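Residue numbers (the working numbering), protein chains in the order written: chain A, 252 to 491; chain B, 209 to 482.
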């Protein structure tokens with residue numbers, strides 16, 4: 252990505268500065284949104300080469316990572332969008348930045364990793380769903396486990412990764428918080444949509460959804476409804 | 209909005225796991241009130257079905273003390289948690305004790321009792337709650353305090369939850385819809401919507417989603433979830449607040465609301481917030 256204009260001036264620096272100088276919750280939210288919008292536009296224009304990443308992009312990543320820790324939900328949403336637009340170059344910094352003490356920030360970071368869908372996040376998503384103390388972190392992890400991008404991997408690795416995702420999601424189906432079980436149904440739906448019917452695990456994934464949807468099903472009505480929707484979508488895509 | 213969610217989740221992580229038998233034992237003893245406090249919370253949170261649970265919680269409620277201005281009263285902290293737990297457990301046997309607690313001098317206890325009576329849908333509570341709300345200066349602050357003379361938010365929300373539709377109930381709540389505090393306005397709009405199904409109260413809640421204070425937006429989210437008004441879907445999605453709270457609100461739209469928009473549309477919005 253090249254963040255320098257034709258005249259040699261930095262395109263993103265002023266946006267970073269605006270975030271750093273924001274002195275109100277509202278101002279921070281707007282500045283972050285502008286920065287995320289700028290980086291998304293540049294990433295799109297570049298058809299970016301994923302391995303290459305210029306120094307200014309690191310500054311943008313740094314800046315967005317800090318915003319995740321500010322307890323400003325509007326700004327954090329924008330920062331996550333920006334990190335997802337940056338994509339794979341943001342994965343290592345995200346993995347390195349997880350804050351043990353701030354589960355709000357951790358949830359946003361896991362959400363960004365889930366949105367990027369990079370397989371380097373797998374270990375973290377597994378352990379986050381299994382044992383993070385924050386329900387919002389476990390929720391984001393469950394969703395992420397359904398949407399890793401595996402196209403670039405050899406077939407056998409794809410199957411192995413999907414099996415690990417499935418095992419993690421099956422464990423998450425017993426979570427005590429309804430919102431995590433809801434996210435598990437969403438994760439299972441996406442995972443199974445990308446899986447061949449003959450693939451090991453497809454059947455146990457369906458069975459888990461049936462247990463959540465059926466009689467008596469999950470205690471929480473919205474989880475039962477979501478699992479039912481997942482099953483009807485999976486039945487509808489019967490060609491796969 | 210019920211103000212106990214944060215406390216509940218904090219305790220869920222801070223408190224060590226105990227068995228139901230252990231919780232009952234802790235509530236039975238009286239030397240260590242912090243043990244009683246935790247046990248009362250635990251039994252409600254875990255929806256204990258043990259036959260001794262409700263009687264023990266009722267006994268804890270009766271041990272409340274007249275509140276001295278200077279000293280914190282530990283018994284009342286236990287009684288507050290007991291009232292909350294009785295609301296969660298859904299046993300109408302607890303109603304008379306909660307009605308008595310609604311007359312306590314301690315406004316924190318009145319608040320907890322009102323919420324529990326709302327959860328129990330106790331129609332017997334409507335007239336005493338209305339009397340409190342209609343009393344002189346109910347919505348005025350106490351001298352040198354941020355608290356109001358009555359725990360108005362809890363009292364109003366209880367009326368909405370109990371759902372006894374009567375003109376005099378609506379008349380009692382209506383003045384609070386223009387109270388100077390936005391949290392009280394939010395509670396009033398919620399209850400009035402529940403009682404009258406008049407969309408104008410839904411629009412009032414949507415306006416509060418744009419309030420500059422995060423705390424007000426959070427409260428409006430919870431109130432829209434409680435009424436389950438689906439036309440609020442987009443404003444809920446777009447307001448600046450934590451996704452966790454938006455998800456709770458949207459769950460309310462799915463479970464309590466009616467199309468349009470259809471259920472799948474609301475679920476799709478929830479998926480995007482995970």
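The beta-carbon is built from N, C-alpha and C at its ideal position, and this holds for glycine as well.
Quick caveat, the model's predicted, so the values are computed rather than measured.
(message) So for residue 259(B), helix, strand or coil by DSSP?
(response) coil
(request) For residue 349(B), name the three-state secondary structure that DSSP assigns. (result) strand
(message) Helix, strand or coil for residue 448(B)? Go by DSSP, reduced to three states.
(response) coil
(request) Would you list, in chain order, the members of the stretch 403-435 of chain B that have their beta-carbon closer than 7 Å to a beta-carbon of chain A? (result) none
(message) So the candidates are 255(B), 256(B), 442(B), 379(B); which of them puts its Cα closest to the Cα of residue 339(B)?
(response) 379(B)
(request) Could you check the C-alpha separation between residue 361(A) and residue 456(B) for me, to the nearest Å? (result) 20 Å
(message) Among 352(A), 368(A), 269(A), whose alpha-carbon lies nearest the alpha-carbon of residue 393(A)?
(response) 368(A)
(request) Measure the alpha-carbon distance for residue 286(A) versus residue 404(A) and round it to whole angstroms. (result) 32 Å
(message) Less than 8 Å between the C-beta atoms of residue 320(B) and residue 363(B), yes or no?
(response) no
(request) Check each candidate in 418(A), 390(A), 388(A), 323(A) and name the one with the smallest Cα separation from residue 457(A). (result) 418(A)
(message) My output table needs one value for residue 356(B): the three-state DSSP class, helix, strand or coil.
(response) strand
(request) Ignore the nearest five residues each way along the sequence and tell me which others in residue 415(A)'s own chain have a CB closer than 7 Å to its CB. (result) 373, 377
(request) Rounded to whole angstroms, what's the CA-CA distance from residue 332(A) to residue 291(A)? Just pull it up for me. (result) 8 Å
(request) Please state whether DSSP places residue 387(A) in a helix, a strand or coil. (result) helix
(request) Output, in sequence order along the chain, the residues in the stretch 426-455 of chain A whose CB is closer than 8 Å to any CB in chain B. (result) 429, 430, 433, 434, 437
(request) Quick one: list the residues of chain C neighbouring residue 472(A), beta-carbon separation under 8 Å, in chain order. (result) Here the protein chains are A and B, and chain C is not one of them.
(message) Let's test the definition: count the other Cβ atoms within 10 Å of the Cβ of residue 382(A) and tell me whether it reaches 16, buried, or not, exposed.
(response) exposed
(request) Look at the alpha carbon of residue 386(A) and the alpha carbon of residue 407(B), and state the distance between them as a whole number of angstroms. (result) 33 Å
(request) Apply the 10 Å Cβ neighbour rule to residue 255(B) and answer buried if 16 or more other Cβ atoms are within range, or exposed otherwise. (result) exposed
(request) Let me know if residue 311(B) comes out buried or exposed under the rule of 16 or more other beta-carbons within 10 Å of its beta-carbon. (result) exposed
(request) Buried or exposed for residue 335(A), please, with buried defined as at least 16 other CB atoms from any protein chain shown within 10 angstroms of its CB. (result) buried
(message) So residue 391(A) contacts chain B; which residues on that side make the cut at Cβ distance below 8 Å?
(response) 482
(request) Could you give the DSSP three-state label for residue 238(B): helix, strand or coil? (result) coil
(request) Under 6 Å Cβ to Cβ from residue 431(B), same chain only, skipping five residues before and after it: list those, please. (result) 394, 398, 413
(message) Pop quiz: residue 416(B) and residue 428(B) are said to be a contact at Cβ under 8 Å. What is the actual Cβ separation, rounded to whole angstroms?
(response) 4 Å
(message) According to DSSP, simplified to helix, strand and coil, what is residue 483(A)?
(response) helix
(request) May I ask you to verify whether the stretch 230-247 of chain B touches the stretch 474-486 of chain A, counting CB pairs closer than 8 Å and requiring at least 3? (result) no
(message) Please return the same chain residues whose Cβ sits closer than 8 Å to the Cβ of residue 391(B), not counting the five positions on each side in sequence.
(response) 209, 361, 423, 424, 427
(message) Given 7 Å as the limit, tell me if residue 239(B) has its C-beta closer than that to any heavy atom belonging to the ligand MN.
(response) Judged by which ligands are present, the structure shown has none, so any question about the ligand MN falls away.
(request) Report the neighbours of residue 324(A) on chain B: residues whose CB is nearer than 7 Å to its CB, in chain order. (result) 448, 449, 450
(message) Can you check which of these residues, 363(A), 356(A), 327(A), is closest to residue 341(A) by C-alpha distance?
(response) 363(A)
(message) 8 Å is my cut-off, CB to CB: does residue 387(A) come that close to chain B?
(response) yes
(request) Return yes when the Cβ of residue 305(B) is within less than 8 Å of the Cβ of residue 270(B), no when it is not. (result) yes
(message) Across the stretch 425-432 of chain A and the stretch 397-413 of chain A, are there enough close Cβ pairs to call them in contact, namely three or more that are closer than 8 Å?
(response) no
(message) Buried or exposed, going by whether 16 or more other CB atoms sit within 10 Å of the CB of residue 452(B)?
(response) buried
(request) Could you tell me how far apart the beta carbons of residue 371(B) and residue 329(B) are, in whole angstroms, since I believe they sit closer than 8 Å? (result) 7 Å
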